[in-house]
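See below for the structure under consideration.
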Ligand SMILES: Nc1ncnc2c1ncn2[C@@H]1O[C@H](COP(=O)(O)OP(=O)(O)OP(=O)(O)O)[C@@H](O)[C@H]1O
Ligand SMILES: [Mg+2]
């Protein structure tokens, strides 16, 4: 029922404009993959080529080991859910969900059986007779998912299916989606520009920018070891400090323009004189009140925000403005605007990025 997907050198040009540039991805049977990237990065373009809605300019797509680029959409056995659920307004929930089976000429009793089964899965059994206008956003979305699942596709494609929902429902539905996936095990490719969604849901994340695949890895890899500055900045709140590598007493150090130093040890491929960018995640920074301006990373609290579960501080470490986020139970409540603080972090959490 579920199949792996092989994307080989896939490209799409619109005239001289390159919307997707030589993308290679090997997706395992049953994996939950997220395509993550800013607006215009080529996410929908890639999904549409997988679905058969857009023809590639170059490259190949294999599903279950067979090339599908010559196959029309209805022969690809792909379930599709779009941002706007595109439900038929005049049909009931059951009618909408059964539609793909009707199109495939499945007999009525069999349609009824499978519709019931899939409605149970998305917990909409009691809503079968309602029309889309009589449903909440989340229920409409589950109807669209049920319709995509009912013919047991070998691959599920979801293009920002949660973007029309309010924040609370989005939170709920994102875990629902993962739960459904874990129950059915269909290979799933999910599109979002929300990094929290990507991190929470995916077995692996593919980061796209400007039509290029920037990095393809587990949530942990993408978050902890971003390959580029773009990814480091896109995945949550990261302070980036440009520096030059120098030799210190105990190993290499990175020194910024103002002479502030960060010990970086002896990473592979990093040598004296190299320009690098250091990424320090906001949540990796600890703050301690300090009454003297010592060497190293001290600064003045410029702003303090209470975010409920954490505090967010903007620390003036001229010429840098450093963002620190400390979870509320661990925060020193006394720290206030204008205070002098010392900044520390676990050296293992430092990200060494190309300049
Ligand atoms: N039919 C088309 N003709 C010309 N350019 C197109 C066409 N479709 C898409 N593009 C361009 O290709 C690029 C990628 O578009 P795509 O829709 O894949 O982006 P996306 O990553 O899905 O963005 P969003 O997050 O805004 O949905 C964009 O710059 C877009 O303007
Ligand atoms: Mg899109």
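Numbering (the numbering used here), first residue to last: 591 to 945. The C-beta atom is built at its ideal place from N, Cα and C for all residues, glycine as well.
Next item on the list: Kindly identify the DSSP beta-bridge partner or partners of residue 805.
Entry: Residue 805 pairs with 797.
Notebook entry, point to check: So is the beta-carbon of residue 633 under 7 Å away from any non-hydrogen atom of ligand 2?
Noted result: Yes; taking the cut-off as 7 Å, the Cβ of residue 633 has a heavy atom of ligand 2 nearer than that.
Next item on the list: Let me know the secondary structure DSSP gives residue 629 once reduced to three states.
Entry: The answer is coil: DSSP assigns residue 629 none of H, G, I, E or B.
Item checked: Near ligand 2: residue 749 beta-carbon under 7 Å from a heavy atom -> Distances between the C-beta of residue 749 and the heavy atoms of ligand 2 include at least one below 7 Å.
Check: Got a sec? Which residues, its chain only, sit under 8 Å from residue 888 by beta carbon, not counting five neighbours each side?
Finding: The answer, listed in chain order, is 880, 907, 930, 931, 932, 933.
Next item on the list: Starting from the C-beta of residue 869, find all residues in its chain whose C-beta is less than 6 Å away, skip the five residues before and the five after it, and write them out in chain order.
Entry: 822, 828, 830, 941, 943.
Check: For residue 866 versus residue 833, is the C-beta spacing smaller than 8 Å?
Finding: It is a contact, given that the beta carbons lie within the stated cut-off.
Item checked: Residue range of the unbroken alpha helix (DSSP H) whose run includes residue 694 -> Run containing residue 694: none; DSSP gives neither H nor E here.
Check: Assuming residue 670 contacts residue 636 under a Cβ cut-off of 8 Å, what Cβ separation, rounded to an integer in Å, is found between them?
Finding: At roughly 13 Å, the Cβ-Cβ gap does not stay under 8 Å, so residue 670 and residue 636 are not in contact.
Notebook entry, point to check: Between residue 672 and ligand 1, is the CB less than 7 Å from at least one heavy atom?
Noted result: Not so, every heavy atom of ligand 1 lies at least 7 Å from the Cβ.
Check: Since residue 717 sits in a beta bridge, which residues does DSSP pair it with?
Finding: Note: residue 717 sits in no beta bridge, so no partner.
Margin query: What I want to know is whether the C-beta of residue 649 ends up closer than 7 Å to one or more non-hydrogen atoms of ligand 3.
Written below: As presented, the structure is devoid of ligand 3, carrying ligand 1 and ligand 2 as its sole ligands.
Check: Considering residue 789, what are the terminal residues of the alpha helix (DSSP H) in which it resides?
Finding: Residue 789 -> alpha helix (DSSP H) spans 785-791.
Checklist line | For residue 735, the first and last residue of its enclosing alpha helix (DSSP H) | finding: The continuous alpha helix (DSSP H) containing residue 735 extends over residues 727-739.
Note to self: Using DSSP's beta-bridge definition, name the partner residues of residue 896.
What the structure shows: According to DSSP, residue 896 bridges with 901.
Notebook entry, point to check: Looking only at its own chain, which residues have a Cβ that is under 7 Å from the Cβ of residue 843, when we skip the five neighbours before and after it?
Noted result: If you ignore the 5 residues before and after residue 843, its C-beta comes within less than 7 Å of the C-beta of 836, 851, 852, 853, 854, all in its own chain and listed in chain order.
Note to self: For ligand 1, I want to know if residue 609 counts as a neighbour, meaning its beta carbon is within less than 7 Å of at least one of the ligand's heavy atoms.
What the structure shows: Placement of the Cβ of residue 609 at a distance of less than 7 Å from at least one heavy atom of ligand 1 is found.
Checklist line | residue 815, DSSP secondary structure in three states | finding: Here residue 815 sits in coil by DSSP.
Margin query: What would DSSP say about residue 615, mapped onto helix, strand or coil?
Written below: In this structure, residue 615 counts as strand in the three-state DSSP scheme.
Notebook entry, point to check: Helix, strand or coil for residue 781 per DSSP?
Noted result: The answer is strand: DSSP assigns residue 781 an E or B state.
Next item on the list: State the CB to CB distance for the pair residue 626 and residue 613, rounded to an integer number of angstroms; the pair is presumed to be in contact (CB under 8 Å).
Entry: Contact annotation, residue 626 with residue 613: C-beta distance approximately 14 Å; criterion of less than 8 Å not satisfied.
Check: First and last residue of the alpha helix (DSSP H) that includes residue 752?
Finding: It is not in any alpha helix (DSSP H) - residue 752 carries neither H nor E in the DSSP assignment.
Next item on the list: For residue 783, verify whether its CB is less than 7 Å away from any heavy atom of ligand 1.
Entry: True, at least one ligand heavy atom lies under 7 Å from that Cβ.
Next item on the list: Ignoring anything shorter than 4 residues or poking outside the segment 622-673, list the alpha helix (DSSP H) runs there in chain order.
Entry: Here the runs fully enclosed are 633-641.
Note to self: Quick check on DSSP: helix, strand or coil for residue 949?
What the structure shows: Missing from the structure shown is residue 949; the chain here goes from 591 to 945 and no further.
Next item on the list: Give me the Cβ distance between residue 801 and residue 632, rounded to the nearest whole Å; I'm assuming they're in contact under 8 Å.
Entry: About 4 Å separates the beta carbons of residue 801 and residue 632, which is inside the 8 Å limit, making them a contact pair.
Next item on the list: Over the uninterrupted alpha helix (DSSP H) stretch that includes residue 701, give me the two end residues.
Entry: Boundaries of the alpha helix (DSSP H) around residue 701: 698-711.
Note to self: Give me the residue from 856, 862, 902 with the minimum Cα distance to residue 938.
What the structure shows: Closest option to residue 938, Cα to Cα, is 856.
Notebook entry, point to check: Considering only residues of the segment 906-945, which uninterrupted beta strand (DSSP E) runs meet the minimum length of 3 residues and lie entirely inside it, listed in chain order?
Noted result: For the segment 906-945, whole beta strand (DSSP E) runs of length 3 or above, ordered along the chain, are 910-917, 930-935, 941-944.
Check: Would you call the CB atoms of residue 813 and residue 789 closer than 8 Å?
Finding: Yes.
Notebook entry, point to check: With respect to 7 Å, is the separation between the Cβ of residue 642 and the closest non-hydrogen atom of ligand 1 below this value?
Noted result: Answer for residue 642: no, Cβ out of range of ligand 1.
Next item on the list: Per DSSP, which residues does residue 746 bridge with? Please list them.
Entry: Beta-bridge partners assigned by DSSP to residue 746: 669, 778.
Notebook entry, point to check: What are the residues that DSSP puts in a beta bridge with residue 604?
Noted result: Residue pairing by DSSP places residue 604 opposite 607 in a beta bridge.
Next item on the list: Tell me whether the beta-carbon of residue 641 lies closer than 8 Å to the beta-carbon of residue 663.
Entry: In this structure, residue 663 lies closer than 8 Å to residue 641 by Cβ.
Note to self: Going by C-alpha to C-alpha distance, which of 714, 749, 683 sits closest to residue 639?
What the structure shows: That would be 749, whose Cα lies nearest to the Cα of residue 639.
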